[in-house]
Amino acid sequence: MDDINLHYRFLNWRRRIREIREVRAVRYRERLKRMLRDGDILRYHGNSDEVGCFVAARPLSRRNRYYEVTIIDTGVRGMIAVGLVPQMYKLDHQPGWLPNSVAFHADDGKLYNGNTVGQQFGPKCCRGDRIGCGISLDSDDGQLTVFFTKNGKEVGSVEVPAAPDGLYPAVGMHSLGEEVQLDLNAEWGTEEDDGQMIVDSHEEDWGRLHDVRVTGTLLEYVGKGKSIVDVGLAQARRPLNTRFHYYELEITDAGEKCYIALGLARRDYPKNRHPGWSRGSIAYHADDGKLFQGSGVGDPFGPRCFEGDIMGCGIMFPRDYSLDGGDDIDDWDLEVFPKPSEVQNDLYANNEDEEDEGEDVEGKKVAVFFTRNGQVVGRREVALPVGGLYPTIGMMSTGEKVRVDLHPLSG
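Take the sequence shown: its position 264, counting from 1, is numbered 264 in this note's numbering, and each next residue is one higher.
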């Protein structure tokens, strides 16, 4: 009976994940008109009589609140606009011209806030200049503070109504030859007295980092990438639980060999072992589509994953599951998890001693499942270690980057 109930619950979650992915496929789709996109390069592709506009696939948010555009060529008139618009913005209008949109225009340095008449705002921008646009984290309900930067320095800010579905990065162009480089993963911080930039790193989400750099929700491998001991490991600060039982990563750069692994591991998992290779872990590996479960030899499991693919991992907990009398993470003993200020990042401090013995991995059985682009690939039964199973990501070749969402099913 328990197996039957678990089977039906698994099917329900499979349907829910598919529905969420279908909604995202429609909602999170970039839009452009009279423009050509080649990687991170946007080029005007009109006759200079009509506006070209690009709208990004995802809105700015607390986790991804800033982006930048670098002007490669101003073209004939340099009529390049950088700003934020509603998702279904009319693509034959410059950002900032229509209601509920705002933009900084490079050709005249004016701010356009839902009007075709701009207000003097900042300096004009030329070839080589970097224009940034972001949202403030301390905005009041109903209002959003949008700020703009030029070459890393803030130009100014403006209050705009917060859109129910968010505001999307948008770039407008209006003359032949205009070309920009788009960086939707840019980060913004404040300048300290020592001149160092303090960025919103999201390191507090991670309990252990080894040869991995965190920039917002982006994880980047920074190890040597020469042998199997050069693993970069990122382990979340908290284990999956009945409230947050699923997470995802998007492969934004496959690097040299796409040695990217997504899975779950015990808290004291060795830092130089790919998830799935050692006991107390299980992982789906992107490069060969194999599942590794406490062994260096993987089993055929699913399709290989490439740049742009979204991999997911979750746990189907038994209905009677509890941890220390409850699974509300707010009530857990926080000594189990390193405090944000104590995050172990071997990029900066390489004095961590690895616990060779590890914790007891025998415990209640749970079903761990994996997805690829919203489709369930398969599942395996796993013994839950003492303390739970933590989202754990491994990378092992130069240039690998992934964007992680630890709570994709919430909100």
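Every residue gets a Cβ at the ideal spot worked out from N, C-alpha and C, and that includes glycine.
With a beta-carbon spacing of about 7 angstroms, residue 86 and residue 167 fall inside the 8 angstroms limit used to define contacts. Under the three-pair Cβ rule at 8 angstroms, the region 230–244 counts as touching the region 391–403. Annotation: residue 46 to residue 155 spans about 30 angstroms, alpha carbon to alpha carbon. The residues 34 and 92, in chain order, have a CB closer than 7 angstroms to that of residue 50 in the same chain once the five nearest residues on each side in sequence are set aside. Cβ neighbours of residue 180 within its own chain (closer than 7 angstroms, five residues either side excluded): 42, 69, 70, 71, 72, 80 and 171.
Relative to residue 244, the option among 134, 295 and 409 whose CA is nearest is 409.
Between the beta-carbon of residue 389 and that of residue 264 there is about 4 angstroms, and that keeps the pair under the 8 angstroms contact cut. Closest by C-alpha distance to residue 249, out of 314, 211, 272 and 230, is 314.
Going by beta carbons, residue 370 and residue 302 fall inside the 8 angstroms limit.
The three-state reading of DSSP puts residue 299 in strand, counting E and B together. Selection 218, 256 and 318 evaluated against residue 226 yields 256 as nearest (Cα-Cα). Residue 53 and residue 102 have their C-alpha atoms some 14 angstroms from each other. A direct Cα-to-Cα measurement between residue 270 and residue 206 gives close to 15 angstroms. Taking residue 115 as the centre and dropping the five residues before and after it, the same chain places the C-beta of 96 and 97 closer than 8 angstroms to its C-beta, in chain order. Boundaries of the beta strand (DSSP E) around residue 311: 310–316. Distance check between residue 223 and each of 211, 131, 403 and 375 places 211 closest, using alpha-carbon atoms only. In this structure residue 65 is buried. Its beta-carbon is surrounded by 16 or more other beta-carbon atoms within 10 angstroms.
Minimum Cα-Cα distance from residue 48 among the listed residues 186, 173, 304 and 404 corresponds to 173. Apart from the 5 residues on each side of it in sequence, residue 367 sits with its Cβ closer than 8 angstroms to the Cβ of 6, 10, 315, 316, 379, 380, 381 and 382 in its chain, given in chain order.
Bridge pairing for residue 105: 81 [DSSP]. If you draw a straight line from the Cα of residue 213 to the Cα of residue 185, it is about 14 angstroms long.
Taking each of 273, 228 and 157 in turn and checking the Cα distance to residue 143, the smallest one comes out for 157. For residue 67 and residue 30, the gap between their C-alpha atoms comes out near 15 angstroms. DSSP, reduced to helix, strand and coil, places residue 12 within a helical segment of the structure shown. The C-alpha of residue 88 lies about 15 angstroms from the C-alpha of residue 162. Distance between residue 126 and residue 165, taken at the CA atoms: about 33 angstroms. Residue 292 places its beta carbon 8 angstroms or farther from that of residue 258.
Residue 136 places its beta carbon less than 8 angstroms from that of residue 147. In terms of CA proximity to residue 277, 229 leads the group 321, 229, 247 and 407. When the Cα atoms are used, residue 187 and residue 320 turn out to be separated by approximately 42 angstroms. Within 10 angstroms of the beta-carbon of residue 61 lie fewer than 16 other beta-carbons, which makes it exposed.
When rounded, the separation of the alpha-carbon atoms in residue 262 and residue 294 is 14 angstroms. DSSP, reduced to helix, strand and coil, places residue 50 outside both helices and strands of the structure shown, so it counts as coil.
Excluding its 5 nearest sequence neighbours in each direction, residue 32 has C-beta neighbours in its own chain below 6 angstroms: 54, listed in chain order. Here the C-alpha atom of residue 273 lies approximately 52 angstroms from the C-alpha atom of residue 107. Excluding the 5 residues flanking it on each side, residue 134 has same chain C-beta neighbours closer than 6 angstroms at 65, 66, 147 and 188, in chain order.
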